[in-house]
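Heads up: the structure comes next, in structure tokens.
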Amino acid sequence: AQSVAQPEDQVNVAEGNPLTVKCTYSVSGNPYLFWYVQYPNRGLQFLLKYITGDNLVKGSYGFEAEFNKSQTSFHLKKPSALVSDSALYFCAVRSPDTGRRALTFGSGTRLQVQP
Amino acid sequence: NAGVTQTPKFQVLKTGQSMTLQCAQDMNHEYMSWYRQDPGMGLRLIHYSVGAGITDQGEVPNGYNVSRSTTEDFPLRLLSAAPSQTSVYFCASSRTDPGANVLTFGAGSRLTVL
Chain A
42 AQSVAQPEDQ
52 VNVAEGNPLT
62 VKCTYSVSGN
72 PYLFWYVQYP
82 NRGLQFLLKY
92 ITGDNLVKGS
102 YGFEAEFNKS
112 QTSFHLKKPS
122 ALVSDSALYF
132 CAVRSPDTGR
142 RALTFGSGTR
152 LQVQP
Chain B
3 NAGVTQTPKF
13 QVLKTGQSMT
23 LQCAQDMNHE
33 YMSWYRQDPG
43 MGLRLIHYSV
53 GAGITDQGEV
63 PNGYNVSRST
73 TEDFPLRLLS
83 AAPSQTSVYF
93 CASSRTDPGA
103 NVLTFGAGSR
113 LTVL
């Protein structure tokens, strides 16, 4: 079975400061890892993914994530937060071996960026 | 370029009523799926389909039916609504070629069962 943990319900950061949203996962085999963002009353939007290769993945809106196999983590980062980054962030994982292509999502972390 | 379109956006039902949530995509994606989003629980897979005529159960399929008669459409049916089905429902689609294909989500349908 695959699972994702997002240990923080909410992360507060001041505008201009770096931000980190944490994610750890459990899956058999090599994982496919994703970050999605959800703005109020909207669907989820894809930010970035890790399949293989370089452990540092760059995505949309200046976000990046670092894959750490030994710690089974895939933390989302941004060097300088914007107020407009305030949203709900979901980490997701799936095994490449499953035909159902089902993503397992974490419970989400609300990012609040204060001006 | 519409992407994934869900209707209705909001619906209120009484216990025992039936309804269908519609999902349509115009990207020729073979894979389509339904998730429900509940506070503190992330998104959970209800049903999915890898092509017309093929459907299968996800993590929380009880109380829901699906069918896939065309590539474009993947409706979700609630035959006898229960308060536990109060949730926000998302339809998502993707390609099925090998690789970590990204899901494209609809805007969601908020369902309240009284």
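Sequences listed follow chains A and B, in order.
The letter at position 61 of the first sequence is residue 102 when you use my numbering, and the numbering goes up by one with no holes.
The letter at position 32 of the second sequence is residue 34 when you use my numbering, and the numbering goes up by one with no holes.
Built from N, CA and C at the ideal position, the CB exists for glycine as well.
The structure presented is a predicted model; accordingly, all values stated were derived computationally and were not measured.
Original post:
Excluding sequence positions up to five away, which residues of its chain have a Cβ less than 7 Å from the Cβ of residue 59 of chain B?
Top reply: If you number the second sequence from 1, residue 59 of chain B lands on position 57. Excluding positions up to five away in sequence, the list reads 49.
Original post:
CA-CA distance, residue 57 of chain A and residue 128 of chain A?
Top reply: Within the first sequence, the letter at position 16 stands for residue 57 of chain A. Within the first sequence, the letter at position 87 stands for residue 128 of chain A. Their backbone Cα atoms lie some 16 Å apart in a straight line.
Original post:
Cβ atoms of residue 40 of chain B and residue 95 of chain B: under 8 Å apart, would you say?
Top reply: Within the second sequence, residue 95 of chain B is the residue found at index 93, counting from 1. Within the second sequence, residue 40 of chain B is the residue found at index 38, counting from 1. Not closer than 8 Å, so no.
Original post:
Would a C-beta distance cut-off of 8 Å place residue 109 of chain B and residue 17 of chain B closer than the cut-off?
Top reply: Counting from 1 along the second sequence, the entry for residue 109 of chain B is found at position 107. Counting from 1 along the second sequence, the entry for residue 17 of chain B is found at position 15. Not in contact: residue 109 of chain B and residue 17 of chain B (Cβ atoms no closer than 8 Å).
Original post:
Short check: CB of residue 52 of chain A to CB of residue 145 of chain A, under 8 Å?
Top reply: Here residue 52 of chain A refers to the residue found at position 11 of the first sequence. Here residue 145 of chain A refers to the residue found at position 104 of the first sequence. No.
Original post:
Of all Cβ atoms in chain E, is any one closer than 8 Å to the Cβ of residue 43 of chain B?
Top reply: Looking at the structure shown, chain E is missing, and the protein chains on hand are A and B.
Original post:
In terms of residue numbering, what span does the beta strand (DSSP E) encompassing residue 2 of chain B cover?
Top reply: Residue 2 of chain B lies beyond the range of chain B shown here (3 to 116); nothing can be said about it.
Original post:
Which ranges does the beta strand (DSSP E) cover as unbroken runs of at least 3 residues, wholly within the region 75–135 of chain A, from first to last along the chain?
Top reply: 85–91, 97–99, 105–109, 114–119, 128–135, all fully within the region 75–135 of chain A.
**OP:** State the DSSP-derived secondary structure class of residue 155 of chain A, mapped to helix, strand or coil.
**Re:** As a working note, residue 155 of chain A is residue 114 in the first sequence. Three-state result, residue 155 of chain A: strand.
Subject >> Best match in B:53, B:68, B:7, B:112 for proximity to residue 142 of chain A [C-alpha to C-alpha] >> reply: On the first sequence, residue 142 of chain A is found 101 positions in, with the first residue counted as 1. Checked all of B:53, B:68, B:7, B:112; the closest Cα to residue 142 of chain A is B:53.
**OP:** Output yes if chain A places a C-beta closer than 8 Å to the C-beta of residue 12 of chain B; else output no.
**Re:** Position 10 of the second sequence holds residue 12 of chain B. No - not a single Cβ of chain A is within 8 Å of the one on residue 12 of chain B.
Original post:
Which runs of the beta strand (DSSP E) fall wholly inside the region 44–68 of chain B and span at least 3 residues, in chain order?
Top reply: 45–53, 56–59, 66–68
**OP:** Decide if residue 12 of chain B is buried, meaning its Cβ has at least 16 other Cβ atoms within 10 Å, or exposed.
**Re:** Here residue 12 of chain B refers to the residue found at position 10 of the second sequence. That one is exposed.
Original post:
From the beta carbon of residue 67 of chain A, is the nearest beta carbon of chain B less than 8 Å away?
Top reply: In the first sequence, the residue the question calls residue 67 of chain A occupies position 26. So no, residue 67 of chain A is outside the interface.
Original post:
Nearest to residue 49 of chain A by alpha carbon, out of A:109, A:65, A:88, A:75?
Top reply: Along the first sequence, one-based indexing puts residue 49 of chain A at 8. Nearest C-alpha to residue 49 of chain A: A:65.
Original post:
If you check the beta carbons only, do residue 6 of chain B and residue 90 of chain A fall under 8 Å apart?
Top reply: Here residue 6 of chain B refers to the residue found at position 4 when the second sequence is read from its first residue. Here residue 90 of chain A refers to the residue found at position 49 when the first sequence is read from its first residue. No. Outside cutoff.
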